[in-house]
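Working notes, beginning with the structure itself.
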Amino acid sequence: MSDIADLTAKTYEIARLIPPGHVTTYGHIARLAGYPNHPRHVGNALKALPEDSTIPWQRVINAKGQISPRGDAGLGVARQKDLLEAEGVQVNSVMGGGEVVDLRRWGWFPEHV
Numbered sequence: 001m002s003d004i005a006d007l008t009a010k011t012y013e014i015a016r017l018i019p020p021g022h023v024t025t026y027g028h029i030a031r032l033a034g035y036p037n038h039p040r041h042v043g044n045a046l047k048a049l050p051e052d053s054t055i056p057w058q059r060v061i062n063a064k065g066q067i068s069p070r071g072d073a074g075l076g077v078a079r080q081k082d083l084l085e086a087e088g089v090q091v092n093s094v095m096g097g098g099e100v101v102d103l104r105r106w107g108w109f110p111e112h113v
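1 is the number of the first residue of the sequence shown in my numbering; add one for each residue after it.
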């Protein structure tokens with residue numbers, strides 16, 4: 001298995017472990033998967049999921065606690081915000097645009113999985 005395929009598979013495995021009502025970061029998944037320098041690949045792997053996937057992609061955000069824009073006029077951000085709020089996660093709008101989650105309150109950062 002190539003490194004990319006391995007990281008993709010591990011990304012999906014780890015994302016399934018994130019409890020409802022919590023979030024983690026692309027970078028944390030990359031570290032847990034053993035590829036600490038590849039958080040962007042984690043994002044790309046999650047972005048590639050089919051619409052009907054059961055992997056909880058919405059629980060993964062950037063290191064600043066923000067929902068990452070997707071270049072789709074904000075539709076993906078709004079969908080992710082709605083899914084997180086349905087799980088009880090508080091998502092706050094920030095001045096200048098964007099949506100942010102308090103990682104100290106809602107974060108899931110285990111040392112190992």
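Cβ atoms here follow ideal geometry from the backbone N, Cα and C, with glycine treated the same way.
query                                                                                                                                     : result
Per the contact definition of three or more C-beta pairs closer than 8 angstroms, is the segment 36-48 in contact with the segment 78-94? : no
Quick test of your reading: R59 and V23, contact by CB under 8 angstroms. State the CB separation rounded to the nearest angstrom.        : 5 angstroms
Alpha helix (DSSP H) containing V42: first to last residue?                                                                               : P39 to K47
Along the chain, where does the alpha helix (DSSP H) that runs through K81 open and close?                                                : L75 to A86
Please name the residue, chosen from L49, G27 and R40, that lies closest to W108 on a Cα-to-Cα basis.                                     : G27
Quick check on P20: buried or exposed, where buried means 16 or more other Cβ atoms within 10 Å of its Cβ?                                : exposed
Would you report the Cα separation of S2 and W57, rounded to the nearest angstrom?                                                        : 22 angstroms
K10: buried (16+ other C-beta within 10 angstroms of its C-beta) or exposed?                                                              : buried
With the cut-off set at 7 angstroms, would you say L32 and V113 are in Cβ contact?                                                        : yes
What's the C-alpha gap between V100 and A5?                                                                                               : 30 angstroms
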